[in-house]
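**Student:** Which chain is which? The protein sequence lines are A and B, in order.
As numbered in the working numbering, the first sequence has no gaps in its residue numbers, which increase by one up to the final residue, 328.
As numbered in the working numbering, the second sequence has no gaps in its residue numbers, which increase by one up to the final residue, 533.
Note that CB positions come from ideal geometry on N, CA and C, so glycine has one too.
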Amino acid sequence: MISFIIKRLLQSMLVMLTVAFISFGLFRFVGDPVSNMAGQDTSIEDRQELRKSLGLDDPVYIQFFNFTINAAQGKFGQSYMLREPVRELMAKRFPATLELALVSSVIAMLLGVPMGVYTAIRRNTLLSKAFMTISLMGVSLPTFLIGILLILLFGVTLRWLPTFGRGDVVQLGWWSTGLLTASGLKAIIMPAITLGIFQMTLIMRLVRAEMMEILRTDYIKFGRARGLSNRSLYFRHALKNTLIPVITITGLQIGSIIAFALITESVFQWPGMGLLFIQAVGNADVPIMAAYLVLIAFIFVVINLIVDVLYVIVDPRLRASSEGD
Amino acid sequence: MRKLSKLLSGVAIAAIMAATPAVAKDFKYAFQGDSQGLDPHGLNETFSLGLLGNVYEGLTVYDENLALVPALATEWKTISPKVWLIKLRQGVKFHNGNDFNADDVVFSFARTQTKGSDQKARGGLVTKVVKIDDHTVELHTANPLPVLMQEMAFLFMMDKEWSEANGATEAANVSDANEIGYANRNSNGTGPFMITSREPGVKTVFDRFDGHWNKDLKTNVTHVEFTPIKEAATRVAALLSHQVDMVYPVPVQDWKRLDEAEGVRALKGPEARTIFLGMDQSRDELLHSSVKGKNPFKDIRVRKAFAHALNLDAIKAKIMRGAATPSGLMVAPQINGFNAALNTPYAYDPELSKKLLAEAGYADGFTLTMDCPNNRYVNDEKICQAAASMLAKIGIKIDLLAQPKSKYFGKVLAQGGYDTSFYLLGWTPGSIDSHNVFANLLHCQDAENKMGAFNLGNYCNDRVDEITGLVGAETDQAKRQALIDEGFKIVQDEVGYLPLHQQPLSWGAGDNIELNQRADNVFDLRYVVVK
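(1) Please confirm whether Y58/B and F158/B have their CB atoms less than 7 angstroms apart.
(2) Any idea what DSSP makes of Y420/B, helix, strand or coil?
(3) Is there a Cβ from chain B that is less than 7 angstroms from the Cβ of P274/A?
(4) How would you call P23/B, buried or exposed, if buried means at least 16 neighbouring beta carbons within 10 angstroms?
(5) For the alpha helix (DSSP H) that contains I396/B, what are its first and last residues?
(6) Just the Cα atoms here: how many angstroms apart are S15/A and V304/A?
(7) With distances taken between CB atoms, is the gap from T430/B to R275/B smaller than 7 angstroms?
(8) For chain B, find out if any of its Cβ atoms is closer than 7 angstroms to the Cβ of L153/A; answer yes or no.
(9) For S119/B, which three-state DSSP category applies?
(10) Just list the beta strand (DSSP E) runs in the segment 77-143 of chain B, keeping only unbroken ones of 3 residues or longer that don't cross its boundaries, in chain order.
(11) Looking only at C-alpha atoms, which of R211/A, I266/A, I5/A and R227/A sits nearest to R125/A?
(12) Under a Cβ-count criterion, where at least 16 other Cβ atoms within 10 Å of its own Cβ denotes burial, should M140/A be classed as buried or exposed?
(13) By the criterion of Cβ-Cβ separation under 7 angstroms, what are the contact partners of L57/A in chain B?
(14) Count the other CB atoms within 10 Å of the CB of R234/A; is the residue buried (16 or more) or exposed (fewer)?
(15) Could one say the Cβ of D44/A lies closer than 7 angstroms to chain B's Cβ atoms, at least one of them?
(16) Cα separation between N145/B and L415/B?
(17) Are the C-beta of A235/B and some C-beta of chain A separated by less than 7 angstroms?
(18) From the DSSP secondary-structure annotation, give me the bridge partner or partners of M118/A.
(19) Could you give the DSSP three-state label for R305/B: helix, strand or coil?
(20) Which value, in whole angstroms, describes the spacing of the CA atoms of G226/A and G119/A?
(21) Which complete beta strand (DSSP E) runs does the segment 165-203 of chain A hold, if anything under 3 residues is left out?
(22) Does DSSP put I197/B in a helix, in a strand, or in coil?
(23) Determine the DSSP secondary structure at R54/A, reduced to helix, strand or coil.
(24) Assess, as a yes-or-no matter, whether the segment 466-482 of chain B is touched by the segment 206-214 of chain B under the definition of 3 or more beta carbon pairs within less than 8 angstroms.
(25) Please return the same chain residues whose Cβ sits closer than 6 angstroms to the Cβ of P251/B, not counting the five positions on each side in sequence.
(26) To the nearest angstrom, how far is it from the Cα of A326/B to the Cα of D435/B?
(27) What is the residue span of the beta strand (DSSP E) that G254/A lies within?
(28) Check whether the segment 147-161 of chain A touches the segment 193-209 of chain A, counting contact only when three or more Cβ pairs, one atom from each stretch, lie closer than 8 angstroms.
(29) Output needed for F340/B: all residues of its chain with C-beta closer than 8 angstroms, excluding positions within five of it in sequence on either side, in chain order.
(30) With DSSP run on the structure shown, which of helix, strand or coil describes T146/A?
(31) Using DSSP with H/G/I as helix, E/B as strand and the rest coil, what is A283/A?
(32) Taking any Cβ of chain A, which residues in the segment 97-130 of chain B have a Cβ under 7 angstroms from it, in chain order?
(33) Between which two residues does the alpha helix (DSSP H) containing E476/B stretch?
(34) Between the Cα of I257/A and the Cα atoms of I299/A, S186/A and G80/A, which residue gives the shortest distance?
(35) Determine, for G28/A, whether the minimum Cβ-Cβ distance to residues of chain B falls below 7 angstroms.
(36) Chain A partners of F456/B, CB-CB under 9 angstroms?
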């Protein structure tokens with residue numbers, strides 16, 4: 004078991020190094036950072052000097068090497084555009100992104116599961132068809148559009164909810180949370196729905212398919228023959244079994260929610276890591292882009308590692324084979 | 003009787019309360035990005051300097067009409083062509099309570115020359131600062147420099163004692179990975195607003211500085227919140243929902259929406275930025291065209307053909323929604339040295355263009371790559387597309403390469419080796435004076451003497467170079483204007499550039515907000531009145 008985890012950890016390091024290397028190969032194509040860092044009166048020599056001191060003239064592999072050495076010591080340099088240490092910026096923005104991701108996952112679960120159950124049990128009702136249509140829209144409309152439509156309706160026309168930002172936050176140690184203030188709670192509603200709508204559709208369709216599958220199995224039939232109530236059958240026996248794959252998928256999806264939150268974050272000016280990244284791309288802010296991409300790779304790697312370890316624990320066959328080789 | 007006196011005193015109190023100025027006025031605004039740090043010598047860029055201009059002050063300041071007025075200096079005069087005598091304002095306090103004096107001026111000039119500074123060029127105009135007494139200094143320049151005090155408006159003064167106490171005697175250095183600099187996160191200026199909290203990229207809060215020397219400022223605002231909002235649609239929605247009182251920039255296509263919505267308005271004043279097209283006139287063969295072995299732009303007939311093919315009125319009407327000012331000059335009316343008599347654009351005459359092209363030997367036209375930014379100026383990419391379709395009518399086939407500004411500037415500017423044959427650029431002279439345009443855009447490229455750095459196509463004329471030097475040193479206004487006119491006339495006759503228009507500023511604000519939309523796109527809180 005230990006050797007399995009160590010092996011996976013080594014593989015994970017390799018994944019992150021690869022991501023960092025590919026990123027550095029691509030940074031040459033986002034433009035020249037110095038054009039945003041020097042005013043129009045700055046002389047050509049001063050610009051060259053700046054390029055040199057930032058190491059932008061070095062070949063890609065040297066830049067990558069320096070980045071890796073520094074990153075291994077926890078040094079990610081300074082943001083070119085905000086002129087703050089990248090590590091601090093990331094630490095400040097991470098709570099916003101994680102809170103958004105978690106709240107949107109919870110909303111997706113709370114809405115997706117009942118809708119899935121309903122559409123599986125009452126397949127031909129009008130409401131069922133409405134759910135299916137809405138969910139289709141959820142996957143086919145781009146996030147940006149959904150966000151803007153919500154802003155126009157609930158922010159501009161009805162003025163119920165704030166259109167941007169995170170509201171007031173409370174500081175709990177280094178963690179900042181918006182979930183303890185009224186304005187923070189109001190501010191998270193629209194971004195969380197926008198981000199969670201794809202997730203919700205996924206969960207709903209998954210629950211529906213699993214549920215329909217399970218309702219055909221023998222033990223449900225026997226339960227029905229035994230005279231169990233529909234309610235007990237659906238929610239005690241069928242739904243419980245349905246939820247196993249749903250939880251797995253949702254867990255795995257948290258990584259992609261964090262990664263793809265950047266569109267939602269930029270529509271709602273949500274001060275998370277994704278927004279930081281998008282702004283960094285526009286300004287060719289290499290230190291932020293590099294740190295963000297490596298961090299996202301790290302999150303994916305960790306989640307996958309946890310899932311793998313759980314599988315090994317749950318499934319004895321995997322354990323046997325991994326010990327065998 | 004007693005009741006009556008009580009009533010009367012109540013009325014009196016009410017009257018007193020009504021007479022005192024409104025107590026606390028909050029104001030919220032949003033821009034598309036954030037200031038790059040708080041160090042006043044950190045970055046010479048319009049928005050960062052504009053934001054910091056509420057906190058720090060220079061020796062001079064621009065008023066609402068871009069006229070130069072005294073700030074930390076009360077009087078200035080030249081005692082010899084290269085020496086200025088400056089009287090400093092008395093009784094000025096920094097936010098921490100320290101007095102402003104000549105030592106701070108000497109210190110601030112020295113600080114602009116430290117490693118991380120992006121104000122080296124501006125600070126370096128002054129070669130020596132001599133303290134005469136606590137409130138008098140002499141500024142020595144290498145050459146006679148009539149526009150010195152214009153340049154001083156954006157050179158902010160810092161407190162020597164505060165900087166020394168906090169280890170901020172050198173400008174924040176962005177390439178130093180370990181130390182970002184105290185002044186990059188903290189501020190201590192003499193300006194009317196103090197920064198009381200800041201989270202970079204998220205929110206900056208200003209509070210009114212009660213000890214400011216100028217008690218006659220127009221603004222009644224006491225508390226300001228600034229939020230960067232990147233997405234234009236989100237920015238506009240924030241204004242429409244009245245969560246912020248003012249936003250900029252607003253997409254031109256949203257003007258109608260703002261004007262129709264209740265309680266907000268679009269502000270469309272003219273900007274002092276001139277948008278123009280430039281052509282590579284120096285290489286023997288263009289880098290990006292179908293013509294091999296020669297450079298068609300070296301032939302004045304080709305340049306004239308391009309000039310007469312562009313329909314500036316159509317660009318104004320169709321792309322700029324009527325809110326641009328077609329231009330014949332490389333400077334805007336707000337800029338010192340502008341002459342309305344010379345501002346007639348080249349006439350739109352595609353037939354003449356075709357004739358000129360045929361005479362030059364390009365009857366069938368040619369293919370040419372055009373470089374264009376797509377997120378720098380108002381509708382920049384659309385202007386390029388329109389120009390491309392107008393040029394197509396005279397047989398010039400344009401391959402349009404529209405890119406985000408970091409990529410675009412990385413390619414076409416000096417660091418990219420001026421890798422362009424035909425490009426769109428915009429320019430606002432930082433000193434609000436024509437000399438800046440001569441030195442940066444019209445003078446031949448000359449890296450050694452730091453001239454023509456933004457003359458991307460290397461338009462070159464000896465007399466214009468000579469005039470650049472003369473304009474820089476001439477102190478007699480009439481003679482100076484004559485030289486400027488002569489220079490602009492030469493460039494026009496030689497079709498050195500193709501000026502398009504001055505773009506509009508595009509801001510949005512609530513109806514209860516009174517503000518000044520300054521033509522250099524600086525938003526000055528000194529003029530904000532909340533009703």
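**Tutor:** The answer reads as follows:
(1) yes
(2) coil
(3) yes
(4) Any reading at P23/B must be qualified, since the residue scores a pLDDT of 48, below 50, and its modelled position is unreliable; the value itself is stated next. Classification of P23/B: exposed, given that the 10 Å Cβ count is below 16.
(5) Element bounds for I396/B: n/a, residue is neither H nor E.
(6) 6 angstroms
(7) yes
(8) no
(9) coil
(10) 85-90, 128-135 and 138-143
(11) R211/A
(12) exposed
(13) S177
(14) exposed
(15) yes
(16) 28 angstroms
(17) yes
(18) Paired residue(s): none; M118/A is not in a bridge.
(19) helix
(20) 21 angstroms
(21) 173-175 and 178-180
(22) strand
(23) helix
(24) no
(25) S508
(26) 21 angstroms
(27) First-last for G254/A: L242 to V270, but that is the alpha helix (DSSP H), not the beta strand (DSSP E).
(28) yes
(29) L331, V333, A334 and S436
(30) helix
(31) helix
(32) D120, K122, A123 and R124
(33) Where E476/B is concerned, there is no enclosing alpha helix (DSSP H), given that its DSSP letter is neither H nor E.
(34) I299/A
(35) no
(36) Q43
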